[in-house]
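S.K.: Here my numbering runs 1 ahead of the position in the sequence shown, where the first position is 1.
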Amino acid sequence: MSTRILVAICAMLCFATGVVDAQFTYSASGGSGIAGSSVGNMVMLDNSQDVLGFSMGITHDAILLTPTLAEVGAGVTGALGGNSPGYFFSDLNPVNGPGVVVGCVLSLAPPLQVLAPGSGHHLVTITYDVALTAEPGSSSPITFVNTLGNPPITNVVSVSGVSQFPALIHGQITVDNPPASAVTCQVDDDCTGASTLSWANGGTYDSIEIYRNAVLETTLLGSATSYNTSLAANVATEMCVVGIRNAVSSVAACCSATWTPIPPAVGPSDIVCTIDHATCTVTVTWTNNQADYASLELLLDGVLSQSLAGSATGASIVIAEGAPHTISLAGSGFCGEAMAEISCLIECLPERFIRSDGNGDNGIDISDPIYLLAYLFSSGAGPCLDALDANDSGAIDVADAIFVLAFIFSGGLEPPAPFPACGPDPTDTDSLDCANYTC
């Protein structure tokens, strides 16, 4: 490098003095970041004439920021067709700091490259680490100064070898409030839409704001990590968490969820009640219109008789004879909704007869054994086989006719119950029935 070029660089970067020229402007973009992050500050140039090179000095708050890198901006490399400048110098810890000084000459040999007149030329990016102890809301000025380095580096641009002093627009780097993370929206109850919003706090908060679909819903203590709420049915809902520290809001951390309610249960139908009149046992069956229910209940005359499994399709119940009874099936769906009752009306009428009254005339005389013999030997009708079984042996034979004749004419034993009044068979363990007897 020739002595003449070295002298020119030194003159531009170290000893230039003069008056601010409004045709040139340095501006610092500033920026923001959370504690422990890295933030880039871009220095931009507006210029009305060709610029051959530039220098600058920038201070910052050393408690909040530590510079880690100064690199050529896209405006410079763009003007050079993607190449690096002929000379680029930076010092991240200059004398009289804290601060950063930068010097740049676009080219050192003909043809000399320039930054053409324009605005928003990106000259340099200076990257800072934000201190881990930095509090949200605190900030560091990013200030152009002419006192850094030895000799001091001044803020100038070189136009045809003449230093021009740009107007200076300073910047600021602000410490952001770290956002919450791991935000989840969980529907806890498919019946009511009860839900839980949970998250991990990104830092220490003074308070936490909860937003529903961008509208503030509530404010919580800064230590909170969950919030219980409920969602509207069949509508996507966005829930957001915003931490507040030193009156600085974090970026909203959000999640969304949709509550799809369990539809109301379709209750059982087609109830059928059949009765065994001998025992007054009613067999109840029905059709379930879904696989399962939360509960099913069998009621007798409005009073709970049995609690059944939700998948049951049948049950049995004993009723008192001689009066009609209402048997009802009730229950609830999985969300507690009551289902419509279905019911049947039924009455127990046990077979009644007078034993030995074979012809069914409600009296016992000579006609009864004759009727019995006709049934045995002449294929006569048998309206009540239980009545023909005079000795209650469980079978009908000649012994029954002899039993009746002995009772009528020889002082034989009385017929077993039911006798002498009409009544049910107390020993109904045989296959004989009494379908057509009228008491």
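Heads up, the beta-carbon is just placed ideally off N, CA and C, and yes, glycines get one too.
From this set, Ala313, Ser306 and Thr238, which residue's C-alpha is nearest His326's C-alpha?
M.R.: If we check each option's Cα against that of His326, Ser306 comes out closest.
S.K.: Compare the beta carbon distance of Ala29 and Val44 with 8 Å and say whether it is the shorter of the two.
M.R.: Taking 8 Å as the Cβ cut-off, Ala29 and Val44 qualify as a contacting pair.
S.K.: Find out if the Cβ-Cβ distance for the pair Thr144, Gly41 is shorter than 8 Å.
M.R.: For Thr144 and Gly41, no; Cβs fall outside 8 Å.
S.K.: Inspect the beta-carbon positions of Val101 and Ser91 and report whether they are closer than 8 Å.
M.R.: A contact, by the Cβ cut-off of 8 Å.
S.K.: Hey, is the segment 252–272 in contact with the segment 333–350, meaning 3+ C-beta pairs nearer than 8 Å?
M.R.: Judged by Cβ distances under 8 Å, the segment 252–272 makes contact with the segment 333–350, as three or more pairs qualify.
S.K.: Keeping to the same chain, check which residues put their C-beta closer than 7 Å to that of Thr428; ignore five residues upstream and five downstream.
M.R.: Asp393, listed in sequence order.
S.K.: According to DSSP, is Gly54 part of a helix, a strand, or is it coil?
M.R.: In this structure, Gly54 counts as strand in the three-state DSSP scheme.
S.K.: Going by C-alpha to C-alpha distance, which of Gly32, Ala201, Ile64 and Pro99 sits closest to Gln173?
M.R.: Considering only alpha carbons, the answer is Gly32.
S.K.: Mapping the DSSP letters down to three states, classify Ser164 as helix, strand or coil.
M.R.: Strand at Ser164.
S.K.: By DSSP, does Ser368 sit in helix, in strand, or in coil?
M.R.: Looking at Ser368 - three-state DSSP - the assignment turns out to be helix.
S.K.: Do you know how far the Cα of Thr280 is from the Cα of Pro351?
M.R.: Those two C-alpha atoms are separated by around 8 Å.
S.K.: If you run the structure through DSSP and keep just helix, strand and coil, what is Val146?
M.R.: Residue state, collapsed to three classes: coil.
S.K.: How is the beta strand (DSSP E) around Gly32 delimited, first residue to last?
M.R.: It spans Gly32 to Gly34 - the beta strand (DSSP E) in which Gly32 sits, taken as one unbroken run.
S.K.: So what's Val222 in DSSP terms, helix, strand or just coil?
M.R.: Reading off the sequence, residue 222 comes out as Leu, not Val. It is a strand residue.
S.K.: To the nearest angstrom, report how far apart Ala295 and Val283 are at their CA atoms.
M.R.: Rounded to whole angstroms, Ala295 to Val283 spans 24 Å at the Cα level.
S.K.: Among residues of its own chain, excluding the 5 on either side of His278, which ones have a beta-carbon nearer than 7 Å to its beta-carbon?
M.R.: For His278, where only same-chain residues beyond five positions count, the Cβ hits under 7 Å are Cys349, Leu350, Pro351 and Glu352.
S.K.: Give every residue of the same chain whose Cβ lies closer than 6 Å to the Cβ of Ala201, excluding the five residues on either side of it in the sequence, and list them in chain order.
M.R.: So the qualifying residues of the chain are Ser182 and Ala183.
S.K.: Could you work out which residue in Asn147, Ala402, Pro137 and Asn360 is closest to Thr439 when comparing CA atoms only?
M.R.: For the residues Asn147, Ala402, Pro137 and Asn360, the minimum Cα distance to Thr439 belongs to Asn360.
S.K.: Pick helix, strand or coil for Thr261, following the three-state DSSP scheme.
M.R.: Coil at Thr261, not helix or strand.
S.K.: If you draw a straight line from the alpha carbon of Ser164 to that of Asp62, how long is it in whole angstroms?
M.R.: Computed Cα separation, rounded: 29 Å.
S.K.: Could you tell me whether the Cβ atoms of Leu46 and Leu124 are closer together than 8 Å?
M.R.: Taking 8 Å as the Cβ cut-off, Leu46 and Leu124 qualify as a contacting pair.
S.K.: Give the secondary structure of Gly236 by DSSP, where H, G and I count as helix, E and B as strand, and everything else as coil.
M.R.: Here the sequence assigns Val to residue 236, which means Gly is not the residue at that position. Three-state result, Val236: coil.
S.K.: Find the nearest neighbour of Ser139 within the set Leu93, Ala36 and Val96, judged by alpha-carbon distance.
M.R.: Comparing Cα positions, the closest option is Ala36.
S.K.: Apart from the five residues just before and just after Val252, which ones in its own chain have a Cβ nearer than 6 Å to its Cβ?
M.R.: Contacts found: Pro180.
S.K.: For Tyr438, does the three-state DSSP call read helix, strand or coil?
M.R.: Three-state DSSP puts Tyr438 in coil, outside helix and strand.
S.K.: State the beta-bridge partners of Ile154 as determined by DSSP.
M.R.: Answer is Leu149, bridged to Ile154.
S.K.: Drop a sphere of 10 angstroms on the beta-carbon of Cys11, count the other beta-carbons inside from all chains shown, and report buried for 16 or more, exposed for fewer.
M.R.: Legend: pLDDT at Cys11 = 44, less than 50; position of this residue unreliable, value from coordinates given subsequently. Exposed is the call here.
S.K.: Can you tell me which residues form a DSSP beta bridge with Leu301?
M.R.: In DSSP, Leu301 forms a bridge with Val304 and Ile328.
S.K.: Could you tell me if Thr238 is buried or exposed, where buried requires 16 or more neighbouring beta carbons within 10 angstroms of its beta carbon?
M.R.: Buried is the call here.
S.K.: Under the DSSP definition of a beta bridge, which residues are partnered with His123?
M.R.: The partner list for His123 (beta bridge, DSSP) reads Met45.
S.K.: State the DSSP-derived secondary structure class of Ile397, mapped to helix, strand or coil.
M.R.: Correct three-state label for Ile397: coil.
S.K.: Does the distance from the CB of Ile355 to the CB of Pro417 come in under 8 Å?
M.R.: Against a cut-off of 8 Å, the Cβ pair of Pro417 and Ile355 comes out as no contact.
S.K.: Gly395 and Leu441 - do their beta-carbons sit closer together than 8 Å?
M.R.: Residue 441 is absent from the model: the chain starts at 2 and stops at 440.
S.K.: Is it the case that the Cβ atoms of Val115 and Phe89 are separated by a distance below 8 Å?
M.R.: For Val115 and Phe89, no; Cβs fall outside 8 Å.
S.K.: Can you name, in chain order, every residue of its own chain whose Cβ lies under 6 Å from the Cβ of Ser329, other than the five neighbours on each side?
M.R.: Once the five neighbours on either side are set aside, the close Cβ partners of Ser329 are Leu300, Glu342 and Ser344.
S.K.: Could you check where the beta strand (DSSP E) with Asp387 kicks off and where it finishes?
M.R.: Segment Leu386 to Leu389 is the alpha helix (DSSP H) holding Asp387; no beta strand (DSSP E) there.
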